[in-house]
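Student: Converting from the sequence shown to this note's numbering requires adding 34 to each position, the first position being numbered 1.
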Amino acid sequence: MKYVAYVLWLIGYTERTIAIALSLRTKQVAGIIGRSEYNGRSQMSDQERREKLKELEGIRLDQGEPIDDGMLDRVPFTILPLSETGKPGPLRRRM
Numbered sequence: 035m036k037y038v039a040y041v042l043w044l045i046g047y048t049e050r051t052i053a054i055a056l057s058l059r060t061k062q063v064a065g066i067i068g069r070s071e072y073n074g075r076s077q078m079s080d081q082e083r084r085e086k087l088k089e090l091e092g093i094r095l096d097q098g099e100p101i102d103d104g105m106l107d108r109v110p111f112t113i114l115p116l117s118e119t120g121k122p123g124p125l126r127r128r129m
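1. Just confirm the distance between the C-beta atoms of aspartate 102 and tyrosine 37, as a whole number of angstroms; I'd bet it's less than 8 Å.
2. What's the gap between the Cα of arginine 83 and the Cα of glutamate 99?
3. Lysine 86 to serine 76, Cα distance in whole Å?
4. Mind reading off the beta-carbon distance from threonine 60 to glutamate 49? Whole number of angstroms is fine, and I expect it under 8 Å.
5. Assuming leucine 95 and isoleucine 45 make a contact with CB atoms under 8 Å, what is their CB distance in whole Å?
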């Protein structure tokens with residue numbers, strides 16, 4: 035569950051959106067993100083976020099099986115640039 039929260043956070047989704055997707059409370063997601071190495075997303079450049087997301091994508095498979103139980107199968111591992119405005123679209127359709 036932490037892995038999925040980290041990936042979605044680095045992509046650019048809000049804590050609230052991640053909470054809905056994972057059936058958690060927003061404060062729970064905030065705690066997961068706050069205790070992680072990814073908590074300073076707004077201070078990261080788009081390139082730093084891409085690199086960290088690529089690292090997470092690289093560890094996704096464990097002996098051929100996704101560690102997220104397939105939750106991220108339809109979620110592209112591409113960031114939403116900080117300069118981009120607007121909403122990223124419904125996450126529910128992707129998970």
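Heads up, the beta-carbon is just placed ideally off N, CA and C, and yes, glycines get one too.
None of these values were measured; they are calculated from a predicted model.
Tutor: Concretely, from the data shown:
1. Translated into the one-based positions of the sequence shown, residue 102 becomes position 68. Translated into the one-based positions of the sequence shown, residue 37 becomes position 3. Contact holds; Cβ gap of about 6 Å.
2. Start at 1 with the first residue of the sequence shown, and residue 83 comes out as number 49. Start at 1 with the first residue of the sequence shown, and residue 99 comes out as number 65. Going by the C-alpha atoms only, they are around 24 Å apart.
3. For this step, residue 86 is matched to residue 52 along the sequence shown. For this step, residue 76 is matched to residue 42 along the sequence shown. Going by the C-alpha atoms only, they are around 14 Å apart.
4. Residue mapping note: residue 60 aligns to position 26 of the sequence shown, counting from 1. Residue mapping note: residue 49 aligns to position 15 of the sequence shown, counting from 1. Indeed they touch by this definition, with Cβ atoms about 5 Å apart.
5. Looking up residue 95 in the sequence shown gives position 61. Looking up residue 45 in the sequence shown gives position 11. No, leucine 95 and isoleucine 45 are not in contact; Cβ-Cβ is about 18 Å, not under 8 Å.
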